[in-house]
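Under this note's numbering, the residue at position 46 of the sequence shown is numbered 48, and the numbers go up by one with no gaps.
In this text, a Cβ means the ideal position worked out from N, Cα and C, and glycines have one as well.
These figures come from a predicted structure and were not determined experimentally.
Report on the following structure.
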Amino acid sequence: MSSYRERYKDFYNSKEWRALRNWKFAEANGLCEECRENGKIVVGKEVHHIITIEKDWSKRLDANNLKLLCPECHRLSHERGSPLQEFNKFWEGL
């Protein structure tokens, strides 16, 4: 396994990430934040890094860089040209 893969595996298995991930679920009341902004109530299942950790490793544990999403919104957030990806680009520019 490459050191790159090990680094990410170690991060996602770390106590710090699990604690922050659990905090984000509680902070968002277990609901997809994107759906909620659009008037829908959908269970959030995935914690999304707005600025990916590949782009900025230092933001991996930044609570302000996280969003709880349902699987559909998380998939859309990574699609090129999607509204969520455009939001992510905007956020990165701040």
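As assigned by DSSP and simplified to three states, the class of residue i
{"i": "E48", "result": "strand"}
{"i": "K26", "result": "helix"}
{"i": "K69", "result": "strand"}
{"i": "L78", "result": "helix"}
{"i": "R9", "result": "helix"}
Proximal residues to residue i (C-beta, below 7 Å), its chain only, five neighbours per side dropped
{"i": "L71", "result": "C34, E35, E36, G46, E48, H50, S79"}
{"i": "Y14", "result": "none"}
Cβ neighbours of residue i in the same chain (closer than 6 Å, five flanking residues each side left out)
{"i": "L68", "result": "K26, V49"}
Straight-line gap, residue i to residue j (C-alpha atoms, nearest Å)
{"i": "D12", "j": "R20", "result": "11 Å"}
{"i": "R7", "j": "A28", "result": "29 Å"}
{"i": "K42", "j": "R77", "result": "17 Å"}
Per DSSP, cross-strand counterpart(s) of residue i
{"i": "L33", "result": "V45"}
Other residues of its chain near residue i: CB distance less than 8 Å, five sequence neighbours each side excluded
{"i": "P73", "result": "K47, E48"}
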